[in-house]
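> Residues -20 to -1, 1 to 151 (mature numbering (1 follows the signal peptide of the UniProt record, and there is no 0)) make up the sequence shown, in order. One structure, pasted below without further comment.
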Amino acid sequence: MFSCRASVCLIFLSITTVSCQYHQTSQVTCGTNEQYSPCTQICPPTCDSPNPQCRVDCTRPSCNCLPGYVFSSTRQCIPANSCYQQVQPSPRCRFHTECRTGSYCVNGFCGAATGVYTRTIVTSSSSSSSGYRSGYQRQIQGGCTLDVHCEHRKICINGACVYADHSDRFN
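Dropping the structure here:
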């Protein structure tokens, strides 16, 4: 519900100013690392833009990230220091081995990857030349051997699919 207050000043000219406020009629529940705010950030902080210069909309309340946190691609507040950090000066790459230790090649750039996830791949061997009996399945421990074995935006590092949290995730 909105309420507006107008003040009119009569001298030789009529000047009208109007200010409106949103009155909350329902309880807003904020998520982890979020706080209630009577205003909505039009450009909330993200890994790509941790300190946006943008206006706020005080006609409706919202939940904003706590100080020191930014929105992730899944609209969850995460510590700003856990965002993908590109290696200076962001060297281009085609393979993980072209990046320095602790960095990985993600979408053509060297950078740090965070949040390790693993998955199990079950394969079927139809050829006895592979060393496995025809018709039997084997389980690959560790989850992956190539980036293509991982879900979108994850890369294969040491047999594990690793989520590469980087700046183009909002595209």
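Glycine included, each C-beta is placed from N, C-alpha and C at the ideal position. None of these values were measured; they are calculated from a predicted model.
Within this structure, are the beta carbons of Tyr16 and Cys23 separated by less than 8 angstroms?
Going by C-beta atoms, Tyr16 is not nearer than 8 angstroms to Cys23.
> Alpha carbon to alpha carbon, how far is Cys85 from Cys79?
The alpha-carbon atoms of Cys85 and Cys79 are separated by roughly 7 angstroms.
> Going by Cα to Cα distance, which pick from Arg35, Tyr49 and Phe89 is closest to Pro25?
The shortest C-alpha separation from Pro25 is found at Tyr49.
> Report the three-state DSSP secondary structure of Glu14 (helix, strand or coil).
The answer is strand: DSSP assigns Glu14 an E or B state.
> If you reduce the DSSP assignment to three classes, tell me which class Val8 lands in.
Coil at Val8, not helix or strand.
> Here's a check: name, in chain order, each residue in its chain whose Cβ is nearer than 7 angstroms to the Cβ of Asn31, leaving out the five neighbours to either side.
Excluding residues within five positions, the ones whose Cβ falls inside 7 angstroms are Pro25.
> Using the Cα positions of Gly8 and Ser62, report the straight-line distance between them to the nearest angstrom.
As written in the sequence, residue 8 is Val, which differs from the Gly given in the question. Distance between the alpha carbons of Val8 and Ser62 is about 27 angstroms.
> Taking just the CA atoms, how far does Pro59 sit from Arg118?
Residue confidence is low: Arg118 scores 35 on pLDDT, short of 50, so the model does not pin down where it sits. No coordinate-derived value is stated.
> Rounded to a whole number of angstroms, what is the C-alpha to C-alpha distance between Arg74 and Asp127?
Approximately 12 angstroms, taken between the alpha carbons.
> Which stretch, first to last residue, makes up the beta strand (DSSP E) that contains Ser42?
Per DSSP, Ser42 belongs to the beta strand (DSSP E) from Ser42 to Cys45.
> DSSP three-state call for Ile135: helix, strand or coil?
DSSP places Ile135 in strand when its eight states are reduced to three.
> Pull up the distance between the alpha-carbon of Ser83 and that of Arg133, whole angstroms please.
Each residue's Cα considered, the two are about 15 angstroms apart.
> Hey, how far is the Cα of Ile137 from the Cα of Leu46?
Cα to Cα, Ile137 sits roughly 32 angstroms from Leu46.
> Rounded to whole angstroms, what's the CA-CA distance from Cys27 to Thr77? Just pull it up for me.
Straight-line Cα distance between these residues: approximately 26 angstroms.
> Between the C-alpha atoms of Cys43 and Gln33, what's the straight-line distance to the nearest angstrom?
Approximately 18 angstroms between the Cα atoms of the pair.
> So, is Glu14 buried or exposed, given that buried needs 16 or more other C-beta atoms within 10 angstroms?
Classification for Glu14: buried.
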